[in-house]
Amino acid sequence: MNKPEYQRVAYYPGCALEGTGHAYNRSTQAVGAALGLKLDEVKNWNCCGAMEVKNIDPAVQTYLSSRVLSIAANEMGAKVVMAPCNGCYHNLKKAEHELAHDAGSREAVERISKKAGHATYRAGQLETIHALDWIKDGIGEEELKRRLKGSLKGLKVANYYGCMYTRPRHIFPEKDRGPGSESTSQPHFMDDLLAAAGAENVEFPLKTACCGGAHTLSDSDTSTRLVLNILRAAETAGADVIATECPTCHSGLEMHQVRAEKVLGEKTQVRMLYFTQLLGIALGVSPRRLGVHENVSDGLALLREKGLA
Amino acid sequence: MIHEKSLIRPENLKTHDKLVIDGVDVSGHWSTFIESRVVTDYNERLEEEIAALPGGEHIHRCWQCGSCTNSCTVNAVNPDFNPRFWIYLIRTGMESELLRDKDIVWQCVSCHKCTYACPRDVVPEGVMKATAHWLELKGHTPKSRSTIFDEEFTAQVVATGKIEEGRVIRNFFARTGQPLLQDWLVEMARRVARRLPVLQGLKLGLAALFRPRTRGWSKAQAAITEYVNEQEAKHRKALHLE
């Protein structure tokens, strides 16, 4: 598919991409530039509420996300907003769903928006997409193959999507629509793109398992156990690298890989790279421009070992 | 009544070491029986109180199929974490039974597998959050580490419109009395620093000193604060506090 409306989209990086997910931000922009996809950053954006604000008050989280949508739609005139972070993507989708179906949320958002002095976002003004949709439906595998400068041949990849990209199903009405659409039980967009770039995807049963990201610091022992399951499953499946598409998942896997080693004495070798870093390599972008050296796990050594860097 | 294996506790099991009935020796485990429990302390308001908190609204829809517990991420790590059972206890008003698990309810990681699996749209994840919230508001448990993290995070978003991860983490460790220089965090920093060019390291460090903000946020801050205070007062009233 080659959706014209995805060629130029409003870009919502979110807080994590300015902090721990800095490399994801760099690599997303670098891949966009290499593919000729344009990004207009949402002006003066705010935090979407992540996984925390909803526990204080869900309507406030809906408001926070709706403000981002409102700026993109009403001040920038965008039709599509793209969020590479699963947390942001999930929250914008959730806000869209709440505003379409729940009068209480509509009322709270209307009231706070009015007092905050900006237009209230109305459901249906925008389409929210993930960085995966952006490349998969904006460029597609065939076109991607034509633009490749290299190949990920010989690299065994476990594709890890986490929780927020597919659950709960009702906030993603465009998924599970048969051929061509994304699946919430067996997501495959990242698999498809990396396969097009030459990677060998391994059979990975924990694609949508939880890394314990919401409690990564408040309940570290549980998170370490959950992450260790994911890392071990990837290694058992024969993966050299876990491809990620969320800064919280990515840093969770990296943090708890170190923690498992330090606290439990459980060492794992598998590396973590953002899918945009992997695509960037195949598109001939330098590892440095993709921020590979900013990762905790040594992806650079792996790429060199495989003759990719 | 649904049979609850976990309700058979050591204190309900009675065994006579020496017992002869009608000339038959039934000493030891032959005489084991389960003492029947009489529950008199039902809290008839339990379900409506939890339903009054955000996330708990749909608890009444539950028909106890167990899909939530079956799909639960935390249950796989700790079998005592049992959303289906807790929903049952809440709906039948068995507060004292619920309180036995009060210290683990907050551990729900919000992976939404239960919400995905639930055939009745109960949103068990929301019910877990509402229950953890209820336990804290009623004073049954101190604020969990998760709540402290949520509060730190939310306070920063409400104040500036954005968060700066380093600051949230520092404040969280300080409030929970944990040293920031944990072995594994130091090790992580060491691994990144090894490869990061000095200039970029400096740039990232400097960025951390300047607090990111959304411009013109003060009106949003005031509106959110007013709304949150109103909601909190409403919740306290629904829980018959004050």
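Chains A and B, in that order, are what the protein sequence lines are. The number in this note's numbering is simply the position in the first sequence, starting from 1, with 5 added. The number in this note's numbering is simply the position in the second sequence, starting from 1, with 30 added. Ideal Cβ positions, reconstructed from N, Cα and C, are used throughout, including at glycine. Remember, predicted model here, so these are calculated numbers, not experimental data.
What does residue i touch in chain A if you count any residue whose Cβ is under 7 Å from its own?
{"i": "Ala253 of chain B", "result": "Ile117, Lys120 and Ala121"}
{"i": "Glu217 of chain B", "result": "Val263 and Lys267"}
{"i": "Gln94 of chain B", "result": "Here the premise fails: no neighbours, minimum Cβ distance about 20 Å."}
{"i": "Ile80 of chain B", "result": "The premise fails here: Ile80 of chain B is roughly 15 Å from chain A at the closest Cβ pair, so nothing lies under 7 Å."}
{"i": "Pro84 of chain B", "result": "Asp62 and Pro63"}
{"i": "Phe202 of chain B", "result": "Leu222"}
{"i": "Lys159 of chain B", "result": "Asn60"}
Along chain B, in chain order, which residues have C-beta atoms closer than 9 Å to that of residue i?
{"i": "Trp50 of chain A", "result": "Gly191, Lys192 and Thr244"}
{"i": "Glu299 of chain A", "result": "Val222, Arg225, Leu226, Gln230 and Leu234"}
{"i": "Met81 of chain A", "result": "Under the 9 Å cutoff, chain B gives no residues; its nearest Cβ is about 15 Å from Met81 of chain A."}
{"i": "Arg230 of chain A", "result": "Val107"}
Is residue i helix, strand or coil when you go by DSSP?
{"i": "His170 of chain B", "result": "coil"}
{"i": "Ala160 of chain B", "result": "helix"}
{"i": "His135 of chain A", "result": "strand"}
{"i": "Phe111 of chain B", "result": "coil"}
{"i": "Ile32 of chain B", "result": "Reliability fails at Ile32 of chain B, whose pLDDT of 48 lies under 50, so the model's placement of it is uncertain and the value that follows must be treated cautiously. DSSP places Ile32 of chain B in coil when its eight states are reduced to three."}
{"i": "Tyr118 of chain B", "result": "helix"}
{"i": "Ala88 of chain A", "result": "strand"}
{"i": "Glu46 of chain A", "result": "strand"}
{"i": "Lys135 of chain B", "result": "Going by the sequence as given, residue 135 of chain B is Val instead of Lys. Looking at Val135 of chain B - three-state DSSP - the assignment turns out to be helix."}
{"i": "Ala28 of chain A", "result": "helix"}
{"i": "Arg13 of chain A", "result": "strand"}
{"i": "Val104 of chain B", "result": "helix"}
{"i": "Thr249 of chain A", "result": "strand"}
{"i": "Arg276 of chain A", "result": "strand"}
{"i": "Lys8 of chain A", "result": "coil"}
{"i": "Val280 of chain B", "result": "There is no way to answer for residue 280 of chain B, as the model of chain B reaches only from 31 to 272."}
{"i": "Ile64 of chain B", "result": "strand"}
{"i": "Arg264 of chain A", "result": "helix"}
Check the Cβ of residue i against every Cβ in chain B and list those closer than 8 Å, keeping chain order.
{"i": "Ile61 of chain A", "result": "Asp180, Glu181, Thr184 and Val258"}
{"i": "Cys90 of chain A", "result": "Going along chain B, no residue has its Cβ under 8 Å from Cys90 of chain A, so there is no contact; the nearest lies around 13 Å."}
{"i": "Met56 of chain A", "result": "Ser140"}
{"i": "Cys215 of chain A", "result": "Thr103, Val139, Cys141 and Lys143"}
{"i": "Leu333 of chain A", "result": "Examination of residue 333 of chain A is not possible in this model, given that chain A is present from 6 through 314 alone."}
Establish whether the CB of residue i and some CB of chain C are separated by less than 8 Å.
{"i": "Val114 of chain A", "result": "The question asks about chain C, but that chain is absent: this structure's protein chains are A and B."}
Which residues in chain A sit within 8 Å of residue i, going by Cβ to Cβ distance?
{"i": "Glu195 of chain B", "result": "Cys20, Ala21, Gly24 and Thr25"}
{"i": "Val104 of chain B", "result": "Thr227"}
{"i": "Ser176 of chain B", "result": "Asn60, Ala219, His220, Ser223 and Asp224"}
{"i": "Asp213 of chain B", "result": "Lys267 and Val268"}
{"i": "Lys249 of chain B", "result": "Lys120, Ala121 and Gly122"}
Under 7 Å between beta-carbons, which chain B residues line up against residue i? List them in chain order, please.
{"i": "Pro173 of chain A", "result": "His142, Thr145 and Tyr146"}
{"i": "Tyr29 of chain A", "result": "Per Cβ cutoff of 7 Å: no residues; Tyr29 of chain A is ~14 Å from chain B at best."}
{"i": "Met260 of chain A", "result": "Met218"}
Output, in chain order, the set of chain A residues within a Cβ distance shorter than 9 Å of residue i.
{"i": "Lys44 of chain B", "result": "None at all; the shortest Cβ gap to chain A is about 37 Å."}
{"i": "Ile199 of chain B", "result": "Leu222"}
Under 8 Å (Cβ pairs) to chain A, residues found in the region 112-124 of chain B
Cβ contacts with chain A: none found.
Below 7 Å between beta carbons is the criterion; list the residues of the region 121-152 of chain B that meet it against any residue of chain A, in chain order.
Residues Gln137, Val139, Ser140, Cys141, His142, Lys143, Thr145 and Tyr146.
Looking at C-beta atoms only, is the number of pairs between the region 91-111 of chain A and the region 126-136 of chain A that lie closer than 8 Å three or more?
They touch, by the three-pair rule.
Within 8 Å, do at least three Cβ pairs link the region 168-176 of chain A to the region 79-98 of chain A?
The region 79-98 of chain A vs the region 168-176 of chain A: in contact.
As an exercise, report each continuous alpha helix (DSSP H) stretch of at least 4 residues that is fully enclosed by the region 132-182 of chain A, in chain order.
Runs of alpha helix (DSSP H) with 4 or more residues, each lying fully within the region 132-182 of chain A, are found at 136-143 and 145-152, listed in chain order.
At 4 residues or longer, what runs of the alpha helix (DSSP H) sit wholly inside the region 182-239 of chain A?
Entirely contained in the region 182-239 of chain A, the alpha helix (DSSP H) runs reaching 4 residues are, in chain order, 194-201.
Kindly confirm or deny that the region 71-91 of chain B and the region 157-171 of chain B touch, where touching means at least three C-beta pairs closer than 8 Å.
With three or more CB-CB distances shorter than 8 Å, the region 71-91 of chain B counts as touching the region 157-171 of chain B.
Quick one: complete beta strand (DSSP E) runs, 3+ long, within the region 278-314 of chain A?
The region 278-314 of chain A contains no whole beta strand (DSSP E) run of 3 or more residues.
Does the region 208-217 of chain A come close enough to the region 128-139 of chain A to have 3 or more Cβ pairs within less than 8 Å?
Contact fails: fewer than three Cβ-Cβ distances are below 8 Å.
Every unbroken alpha helix (DSSP H) inside the region 175-251 of chain B [4 residues or more]
Restricted to the region 175-251 of chain B, the alpha helix (DSSP H) segments that are unbroken, complete and at least 4 residues in length are 175-190, 195-205, 213-225 and 228-239, listed in chain order.
Give, in chain order, every residue of the region 150-182 of chain A whose Cβ lies closer than 9 Å to some Cβ of chain B.
Residues passing the 9 Å Cβ filter: Gly167, Cys168, Met169, Thr171, Arg172, Pro173, Arg174 and His175.
When Cβ atoms are compared, which residues of the region 273-285 of chain A fall closer than 9 Å to chain B?
Identification of residues in the region 273-285 of chain A having a C-beta nearer than 9 Å to some C-beta of chain B yields an empty set.
Below 8 Å between beta carbons is the criterion; list the residues of the region 64-76 of chain A that meet it against any residue of chain B, in chain order.
If you check each beta-carbon in the region 64-76 of chain A against every beta-carbon of chain B, the ones closer than 8 Å belong to Ala64, Val65, Tyr68, Leu69 and Arg72.
Using 8 Å as the cut-off, can you tell me whether the region 15-26 of chain A makes contact with the region 65-81 of chain A, which would need three or more C-beta pairs spanning the two stretches below that distance?
These segments touch.
Of the residues that make up the region 123-141 of chain A, which ones have a beta carbon closer than 9 Å to any beta carbon in chain B?
Taking 9 Å as the Cβ-Cβ cut-off, the region 123-141 of chain A approaches chain B at His123, given in chain order.
At a Cβ cut of 9 Å, what residues of the region 52-73 of chain B count as close to chain A, listed as they run along the chain?
Cβ contacts with chain A: none found.
Please confirm if the region 185-196 of chain A is in contact with the region 159-167 of chain A, defined as three or more CB-CB distances below 8 Å between the two stretches.
Taking 8 Å as the limit for Cβ pairs, the verdict is that the region 159-167 of chain A does touch the region 185-196 of chain A.
Given 8 Å as the limit, is there contact between the region 245-253 of chain A and the region 201-213 of chain B, that is, 3 or more CB pairs closer than that?
Contact between the region 245-253 of chain A and the region 201-213 of chain B is absent, because fewer than three Cβ pairs lie under 8 Å.
The region 292-306 of chain A contacting the region 271-280 of chain A, beta-carbon criterion three pairs below 8 Å
Using a Cβ-Cβ distance cut-off of 8 Å, the region 292-306 of chain A and the region 271-280 of chain A are in contact, since at least three pairs of beta carbons, one from each stretch, lie closer than that value.
Do three or more CB pairs link the region 261-269 of chain A to the region 216-232 of chain B at distances below 8 Å?
Enough Cβ pairs lie closer than 8 Å, so yes.
Quick one: any contact between the region 133-150 of chain B and the region 170-184 of chain B, if contact means 3 or more CB pairs under 8 Å?
Between the region 133-150 of chain B and the region 170-184 of chain B there are three or more inter-stretch CB-CB distances shorter than 8 Å, so the stretches are counted as touching.
Between the region 132-146 of chain A and the region 28-43 of chain A, can you find at least three pairs of beta-carbon atoms closer than 8 Å?
Below 8 Å, enough C-beta pairs join the region 28-43 of chain A and the region 132-146 of chain A to call them touching: three or more.
Does the contact criterion of 3 or more C-beta pairs under 8 Å hold for the region 23-33 of chain A versus the region 278-295 of chain A?
Yes, the region 23-33 of chain A is in contact with the region 278-295 of chain A.
The region 179-190 of chain B contacting the region 53-64 of chain A, beta-carbon criterion three pairs below 8 Å:
Enough Cβ pairs lie closer than 8 Å, so yes.
Three or more C-beta pairs below 8 Å linking the region 116-123 of chain A and the region 250-258 of chain B:
As far as the Cβ criterion goes, the region 116-123 of chain A touches the region 250-258 of chain B, which means the pair count is three or higher.
Given 8 Å, three or more beta-carbon pairs between the region 170-190 of chain A and the region 219-235 of chain A:
Contact fails: fewer than three Cβ-Cβ distances are below 8 Å.
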